[in-house]
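K.L.:
Dropping the structure in here first, questions after.
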Amino acid sequence: MALKYKAPRGTSDLVFPESTRISSLLEVAARILTLNGYQLISTPILESTELFRRGIGEETDIVTKEMYTFEDQGGESLTLRPEGTAPVVRAYLEGGLQSRGLPQKLYYMGPMFRRERPQAGRYRQFLQIGAEAIGSRDPFIDAEIISISNNLFKKLGLSHYELLVNSVGCAECRPGYVRMLSGFLEGISQQLCGECRRRSRENPLRVFDCKNESCREALARAPVIGEQLCPACREHFNGALRHLERLGVAYTIDDRLVRGLDYYTNTTFEFQFEGLGSQNTVSAGGRYDYLTEQLGGPETPGVGFSLGVERLVMAVEAQAAFPFSPERLDVFVVAAPGADRGRVLDILTAVRAAGVSADADFMERGLKAQMKQAARLEARLVLIIGKDELEQGEVTLRDLDRSKQWRVPLSGMVAELRRFLEDGCFNG
RNA sequence: GUGGACGUAGCUCAGUUGGUUAGAGCGCCGGGUUGUGGCCCCGGAGGUCGGGGGUUCGAGUCCCCUCGUUCACCCCA
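So this is what it looks like as structure tokens:
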């Protein structure tokens, strides 16, 4: 209990069976992504600090107080990645991926790091699955990006969630809107909570996140971005919505939906779930048409999403029985009196070589304890070898689920194992 | 960064108005005579009661500090 070493705050160890659940979730996600033409990209967990400062925005919470930043021995400032989009765009530029043709459709899975106070659904190291489509401005690809999360949720049997979408405009229309909103906020500042007054100055769009009743009332008549979009943005947004409808993805327009990262333009979206506590966004993202330039590249549009795997797991646990069962051990080899360890090793090796998973006792336990171990591991079969079997050139197989056992000649052992594991019964 | 709740065996928890060697269930290890798991019975290992300080003849029980966990705010995946 008073252990000296513990996992750092906000991090955790993933052990069986959670570890296998996560890996099958990742597999399902990868399949869907691949099905949609996205290819895996893996970028370093470490990037130059400047990449995030420029990419995410100097004034964002992430950059100002949540990054794990340090100087390495050479005096270079590095940061544990707090998100995946900026690194992927950096890799796109650095690797000259545009020469492979556009759009580049890339996905990633891996840990992200943010130094926040942990709570339900929020960790300092967390897993994200994300995808980026770089090079296309077509609203169809916005819809595709959004539908991928939706497909994954459906595949996992999830239903109690809501997709919120909005458009935050572009360099043409957003500044005008922000000025209008600021003006409005000044007028009603008396009615706002201290927190909202601070936000009015620093990041006006965020006032819409306030849960305070009186603030919400005061904001009821606030100008809304949807009404201030320039014609191009309006058309783009409508296009994305039409495509979503065609894809059968249900959405709700939330004209107060604002995302925290500076790079978003046009389409933004969030999938919110019931029953997850206060961190209920499982997947979110949007378009970022200026990010590439921001990072020193040519003007290139892009759109993407990122999905919190731990939150996804919470959603699955809250709503559905987990749709995947872990793979069982096929065979546990038990040494009965008369069989030495060499024999066990020979059989183990032969069975494994045949592609059948197998394990055995490594604690020098007695027969009974070995049986117990086999049961604990939920092996489908126990293979017993002892004096009798050796004398007759056979092995005993025992079906733990049905408590039935039978003998087969050593020469036909592998074939019988395969037959049993396929048919699931002892008598073919 | 702010606030609330909680910290007793690997896990879930008991622990009476502060009183002698700190308990249960589950789990783990072993046994219940010949080579067989799950049920049952018996036995065993395992705790500086998160840590430090204080009050007291005496503290798991009271007080202070500290660390940690957790939930919420903030923010976000």
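Numbers 291 to 718, taken from my numbering, label the letters of the first sequence in order.
Positions of the beta carbon are idealized from the N, C-alpha and C atoms, including for glycine.
From this set, Ala650, Glu485, Arg601, Gly645, which residue's C-alpha is nearest Arg633's C-alpha?
P.N.:
Minimum Cα distance to Arg633 is reached at Ala650.
K.L.:
On the CB-based measure, 16 or more other CB atoms within 10 Å of its CB, does Gly364 come out buried or exposed?
P.N.:
With fewer than 16 Cβ atoms within 10 Å of its Cβ, Gly364 is classed as exposed.
K.L.:
Given this structure, state the Cα-to-Cα distance separating Glu361 from Ser367, to the nearest angstrom.
P.N.:
Going from the Cα of Glu361 to the Cα of Ser367 covers about 4 Å.
K.L.:
DSSP three-state call for Ile335: helix, strand or coil?
P.N.:
Three-state DSSP puts Ile335 in coil, outside helix and strand.
K.L.:
Taking the C-alpha atoms as reference points, what is the distance between Glu679 and Arg311?
P.N.:
One C-alpha to the other measures close to 39 Å.
K.L.:
With a floor of 3 residues, list each beta strand (DSSP E) that falls wholly inside the stretch 630-692, ordered by position along the chain.
P.N.:
Segments of the beta strand (DSSP E) lying fully in the stretch 630-692: 648-650, 671-675, 684-689.
K.L.:
For the beta strand (DSSP E) holding Lys444, just list the boundary residues, first then last.
P.N.:
That residue, Lys444, is in no beta strand (DSSP E); its alpha helix (DSSP H) goes 429-445.
K.L.:
With distances taken from CA atoms, which of Leu383, Glu308, Gln584 is nearest Gly345?
P.N.:
Ranking Leu383, Glu308, Gln584 by Cα distance to Gly345 puts Gln584 first.
K.L.:
In angstroms, rounded to a whole number, what distance separates the CA positions of Arg414 and Val353?
P.N.:
Approximately 14 Å between the Cα atoms of the pair.
K.L.:
Over what stretch of residues does the beta strand (DSSP E) that includes Glu452 continue unbroken?
P.N.:
Taken as a continuous stretch (DSSP letters only), the beta strand (DSSP E) holding Glu452 covers 451-457.
K.L.:
Give me the Cα-Cα distance between Asn502 and Asp545, rounded to the nearest whole angstrom.
P.N.:
Straight-line Cα distance between these residues: approximately 18 Å.
K.L.:
Need the endpoints of the alpha helix (DSSP H) that Asn528 sits in, please.
P.N.:
Residues 521-536.
K.L.:
If you compare alpha carbons, which of Met604, Leu534, Ala574, Thr590 is closest to Gly565?
P.N.:
Per the Cα distances, Met604.
K.L.:
Compare the Cα-Cα distances from Gly628 to each of Gln682, Arg427, Arg697 and report the closest residue.
P.N.:
Selected option, being the one with the closest Cα: Gln682.
K.L.:
Select from Ser647, Ile637, Asn456, Glu607 the residue whose C-alpha is nearest the C-alpha of Gly575.
P.N.:
Per the Cα distances, Asn456.
K.L.:
Near Ile543, which residues of its chain fall below 7 Å by C-beta distance, leaving aside the five closest residues on each side in sequence?
P.N.:
Excluding positions up to five away in sequence, the list reads Val455, Asn456.
K.L.:
Give the secondary structure of Pro408 by DSSP, where H, G and I count as helix, E and B as strand, and everything else as coil.
P.N.:
In the structure shown, Pro408 sits in coil (DSSP, three-state: anything other than H, G, I, E or B).
K.L.:
Taking the alpha-carbon of Val621 as reference, which of Thr359, Glu607, Val606, Ala640 has the nearest alpha-carbon?
P.N.:
Taking only the C-alpha atoms, the option nearest Val621 is Ala640.
K.L.:
What distance in whole Å lies between the Cβ atoms of Val685 and Met661, which are believed to be in contact at a cut-off of 8 Å?
P.N.:
Actually they are not in contact, since the Cβ atoms of Met661 and Val685 sit about 15 Å apart, beyond 8 Å.
K.L.:
On the DSSP letters alone, give me the boundaries of the alpha helix (DSSP H) that Ile312 sits inside.
P.N.:
Where Ile312 is concerned, the enclosing alpha helix (DSSP H) stretches over 308-325.
K.L.:
Spell out a yes or no on whether the stretch 420-436 and the stretch 588-595 are touching, meaning 3 or more CB-CB pairs, one atom from each, closer than 8 Å.
P.N.:
The stretch 420-436, when compared against the stretch 588-595, does touch it at the 8 Å Cβ threshold.
K.L.:
Taking the beta strand (DSSP E) that Arg577 falls in, what are its first and last residues?
P.N.:
That run of the beta strand (DSSP E) goes 571-577.
K.L.:
In its own chain, which residues sit with a C-beta less than 8 Å from the C-beta of Glu706, not counting the 5 before and 5 after it?
P.N.:
Cβ neighbours of Glu706 beyond the five flanking positions: Leu687, Val698.
K.L.:
With DSSP as the reference, please indicate the residues paired to Glu560 in a beta bridge.
P.N.:
Partner(s): Leu454, Ala574.
K.L.:
Output the boundary residues of the beta strand (DSSP E) element that contains Met357.
P.N.:
Met357 -> no beta strand (DSSP E), and no H or E assigned at all.
K.L.:
Tell me the DSSP secondary structure of Pro591 in three-state form.
P.N.:
In this structure, Pro591 counts as coil in the three-state DSSP scheme.
K.L.:
Going by the beta-carbon positions, is the gap between Tyr398 and Ile331 smaller than 9 Å?
P.N.:
Yes, the Cβ-Cβ distance between Tyr398 and Ile331 is below 9 Å.
K.L.:
How long is the line joining the alpha carbons of Lys395 and Val646, rounded to whole angstroms?
P.N.:
Taking the straight line joining both Cα atoms gives about 37 Å.
K.L.:
Nearest to Arg536 by alpha carbon, out of Asp432, Asp636, Arg488?
P.N.:
Of the listed residues, the one whose Cα sits closest to Arg536 is Asp432.
K.L.:
What is the DSSP secondary structure of Ala421, reduced to helix, strand or coil?
P.N.:
Three-state DSSP puts Ala421 in a strand.
K.L.:
If I follow the unbroken alpha helix (DSSP H) through Ala510, where does it start and stop?
P.N.:
Premise fails: Ala510 is in no alpha helix (DSSP H) and is neither H nor E.
K.L.:
Give the range of the alpha helix (DSSP H) segment to which Gly466 is assigned.
P.N.:
It spans 464-477 - the alpha helix (DSSP H) in which Gly466 sits, taken as one unbroken run.
K.L.:
Indicate the three-state DSSP secondary structure (helix, strand or coil) for Arg549 in the structure shown.
P.N.:
Coil at Arg549, not helix or strand.
K.L.:
I'd like to know whether the C-beta atoms of Glu356 and Gln418 end up nearer to each other than 9 Å.
P.N.:
No.
K.L.:
Residue range of the beta strand (DSSP E) that Thr369 falls in?
P.N.:
It spans 367-370 - the beta strand (DSSP E) in which Thr369 sits, taken as one unbroken run.
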